[in-house]
Amino acid sequence: MSIRERLSGNEAVAYAIKQINPDVMPAFPITPSTEIPQYVASYIANGDIDTEFIHVESEHSSMSAAIGASAAGARTLTATSSCGLALMWEELYVAASDRLPIVLALVNRALSGPININADHSDSMGARDSGWIQIYAESNQEAYDNFLQSFKIAENKDVMLPVMICQDGFITSHGVENIELVEDELVKAFVGERNPEHFLLNEKEPMAIGPYAVSNYYMESKRGQRQAMLNARKVILSVAEEFEKISGRKYGFFEEYRMEDAEYAVVVIGSAAGTAKAAIEHIRSTTGKKVGLVKIRVFRPFPDEEIAAALSKVKAVAILDRSEMFSGTGGPLGAEVTAALYRAKVNAEVVNYIYGLGGRDITTDDFEKVYEELYRIAETHEVRDNYRYIGLRE
Amino acid sequence: MDNVMNKSYNFKEEMINKKDRFVPGHRMCAGCGGAVAVRSVLRSLHEGDKAVVGNATSCLEVSSYMYPYSAYEDSYIHNAFENAGATMSGVETAYRVLKGQGKIKGEYKFITFGGDGGTYDIGFQSMSGAMERGHDFVYVCYDNGAYMNTGTQRSSATPRFADTTTTPAGKVKNGKVQVRKDLAAIMAEHHIPYVGQTTFLGNFKDIYTKAEKAIYTPGPAFLNVLSPCPRGWGYETSDMMEICRLAVDTCYWPMFEVIDGTWTLTYTPKKKLPIEDFLRPQRRFRHLFKPENEELLADFQKEVDKNWNEILIKCNM
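For the record, the sequence lines run as chains U and H. For what it's worth, this note's numbering labels the leading residue of the first sequence as 2, then goes sequentially. For what it's worth, this note's numbering labels the leading residue of the second sequence as 4, then goes sequentially.
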């Protein structure tokens, strides 16, 4: 029987860590992810787990130590947010190119400046090209479930890539919700032990990692990473299937909500999906308009064909980004979904919104306005401004 | 451990007959002290003990592990420029965990090498953190007194007045303005069990013994090795050993160790030579020998004397 609890997102991820009992966790405090290493430290202090905690002096060192520990053969994780992730930037690329199955619990928070401690996706979106798998959560339950699946994806020998498990700062990380936990024994059997093929401490075979690769070799190493990302697509889905067997909860690359007959769709990542769902129910019950939602769970690898197929029958799509990329043309999700639609020759009208930067609230009213704009665009085929902000102070 | 450290040193045994763990085929320059430092330190590992060797990004790294060839007999990790300390702290922690789980049977030792740029400057925080946390590994700085891998830019280890590509001696400037950072003393102030400062002298007993103590003392250890660079310093490649001898006999480079806070001088010159003897054979100090720069030479001598006296006091001499 699963265990019913009430936990915040940070508690939920920390609980998943406790159940997995990983080998090494280097971490450095930063709001709003600080609670995760705090909980882990208390589990260690009370003898609940035997993870070794490394009290590093910066996030750069936390990812550096994680790389050392993972290369040595240990199951390794860390947690961070915002500027902490930015300080790791160089190391994120090294971890991915070294093909190390590190898991990072990311609590999404706006990047400075100005300094801001609240949710947006500028941190993880800034790391989107670093070679990490990125999986996002709408709720505490999803953050927990995604974390339980993370090592199994990362350590699969056809993948061997680091995984970032993302949840929205404060909204998810500090909001306490009902949650269903999987029993310890089931988690243990599901996650298993790490059995690395090659590692520094292999007594039978010394190993060198982190070479200087000249032009003759560098490009092949990048192609290898791409292949791992392609392989990850299959593995993410098969791990999700296995997870469904122990939890009863189903996961894919994204969630389609009321999309079976939808004519107007929103694409969004993270906690705002919950607000969108409430708006959809209200709109459908009051107006009968066929509105739906695609909530992205897996952003890396990017499931472009699947997203295009999910949107192939709609008249108009609004893609909502919780981060700027200052191209002057939209946000990262907007750019990638639009490109996916173009490649698949999907003719839906597209509009891109930026919302929720630095923790700005997004409400059901906001979503209703977005859908109203989609009705207008679908009818007139006229997108006046294909890149706009929601909830901006006038 | 005591009998290990007190055993007599035999040059032929340790430096000639012992199997190398840093092997030929690397691309370091002829006359490079860095390569000699690595080879000497790794030779002090006991046969049968396994090791993981680390590198900060450096001349050493790009010359000793250019894909697909590694010059190390042992497992090896390079991560980046500024994080050799943090990286090895991860490896060492993983070892303790996996050993505790019974997954590893043998004895492993952990040694990481950084140049002075990667140690005194950009990697300082990462090394300081690792030493403070007490990880059981040796951080070896092969100190050639500048960013040699990128073409001799000044670092905080560069001696005053040295002509580097970012502190060039010109018509109105006389090389680097500041004196060098005393990293070994700073590491001693971390209250770690072992700090040593050495270079290559005579039969290599000093570096061998210090490396062995650093490696086999439980807990963190720091070893600072003066490692001349023929390109950056401007000396004949065959003169490396002579340059090292002059560095210690002029007291420019005191050789000492700090064991649990107790400072001991491990070499006292029979006759303290004037600093000019060390500076003259090096192109980077050529401008100091212009007649109008006599005062700078005197300043240099004063600085050396002051540092030497401080060391003598620390060593109760």
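Yeah, the Cβ is synthetic: ideal placement off N, Cα and C, and Gly gets one too.
A direct Cα-to-Cα measurement between Arg-129/U and Thr-96/H gives close to 29 Å. Three or more beta-carbon pairs separated by less than 8 Å link the region 261-268 of chain U to the region 310-326 of chain U, which places the two stretches in contact. Contact annotation, Leu-162/U with Ile-134/U: C-beta distance approximately 5 Å; criterion of less than 8 Å satisfied. Taking 7 Å as the Cβ-Cβ cut-off, the region 50-75 of chain U approaches chain H at Glu-53, Ile-55, His-56, Val-57, Glu-58, Ser-59, His-61, Ser-62, Ser-65, Ala-66, Ala-67, Ile-68, Gly-69, Ala-70, Ala-72, Ala-73, Gly-74, Ala-75, given in chain order.
For Leu-358/U against Asp-169/U, the beta-carbon gap comes to about 12 Å, at or over 8 Å, which does not count as contact. Nearest to Asn-227/H by alpha-carbon distance, out of Gly-28/H, Gly-37/H, Lys-15/H, is Gly-37/H. Taking C-beta atoms as the reference points, Thr-81/U and Val-41/U fail to come closer than 9 Å. Chain U places a beta carbon closer than 9 Å to that of Leu-101/H, counting this residue as a contact.
When the beta-carbon positions are compared, Leu-294/U and Arg-259/U come within less than 9 Å of each other. If one requires a minimum length of 3 residues, the beta strand (DSSP E) runs lying completely within the region 182-206 of chain H are 197-201, in chain order.
Taken through DSSP and simplified to helix, strand or coil, Phe-288/H comes out as helix. Asn-11/U and Thr-52/U do not touch by the CB rule: their CB atoms are close to 17 Å apart, not below 8 Å.
Scanning chain U for C-beta atoms nearer than 8 Å to the C-beta of Asp-77/H yields Pro-207, reported in chain order.
For the region 69-93 of chain H, the set of positions with a beta-carbon nearer than 8 Å to some beta-carbon of chain U reads Met-69, Tyr-70, Pro-71, Ser-73, Tyr-75, Glu-76, Asp-77, Ser-78, Tyr-79, Ile-80, His-81, Asn-82, Ala-83, Glu-85, Asn-86, Gly-88, Ala-89, Thr-90, Met-91, Ser-92, Gly-93 in chain order. Counting along the chain, Thr-81/U sits inside the beta strand (DSSP E) bounded by residues 78-81.
Here the alpha carbons of Phe-255/U and Arg-298/U stand approximately 5 Å from one another. The shortest C-alpha to C-alpha distance from Val-384/U to any of Asn-353/U, Ala-155/U, Ala-28/U, Ser-43/U is the one to Asn-353/U.
Under the Cβ criterion of 9 Å, Val-65/H is counted among the residues facing chain U. If you draw a straight line from the Cα of Pro-115/U to the Cα of Cys-84/U, it comes to about 12 Å.
Chain U places no beta carbon closer than 9 Å to that of Ala-38/H, leaving this residue out of the contacts. For Pro-294/H, the three-state secondary structure derived from DSSP is helix.
Flagged as an interface residue toward chain H: Asp-24/U, by a C-beta distance shorter than 9 Å.
Following the DSSP letters along the chain, one finds Gly-275/U inside the alpha helix (DSSP H) bounded by residues 273-288. If only complete runs of 3 or more residues are kept, the region 291-376 of chain U shows the beta strand (DSSP E) at 292-297, 299-301, 317-322, 350-355, in order along the chain. Short of 7 Å from the beta carbon of Ile-247/U, and not among the five residues preceding or following it, lie these beta carbons of its own chain, in chain order: Val-183, Leu-187, Phe-191. For Ile-107/H, the nearest CB of chain U lies under 9 Å from its own CB, placing it at the interface with that chain. Apart from sequence neighbours up to five positions away, the residues of its chain that approach Ile-281/U with a beta-carbon distance below 7 Å are Tyr-258, Arg-259, Val-292, Gly-293, Leu-294, ordered along the chain. Proximity of Gln-104/H to chain U, defined by a Cβ-Cβ separation below 9 Å, is satisfied. Excluding its 5 nearest sequence neighbours in each direction, Ile-37/U has C-beta neighbours in its own chain below 6 Å: Asn-11, Val-14, Ala-15, Ala-80, Ala-106, listed in chain order. DSSP, reduced to helix, strand and coil, places Lys-112/H within a strand of the structure shown. Contact of Pro-163/U with chain H by beta-carbon distance below 7 Å is absent, the smallest such distance being about 14 Å. Distance from Gly-117/H to Ala-160/H at the Cβ level is roughly 11 Å; contact not present, criterion being Cβ atoms closer than 8 Å.
Per DSSP, the continuous alpha helix (DSSP H) segment holding Asn-11/U begins and ends at 10-21. At a C-beta separation below 7 Å, Thr-265/H has no neighbours in chain U, since its nearest C-beta there lies roughly 27 Å away.
For chain H, the residues of the region 206-228 of chain U that bring a beta carbon within less than 8 Å of one of its beta carbons are Pro-207, Met-208, Ala-209, Ile-210, Gly-211, Pro-212, Tyr-213, Ala-214, Val-215, Tyr-218, in chain order.
Residues of the same chain with a CB within less than 6 Å of the CB of Tyr-376/U, apart from the 5 flanking positions on each side, do not exist.
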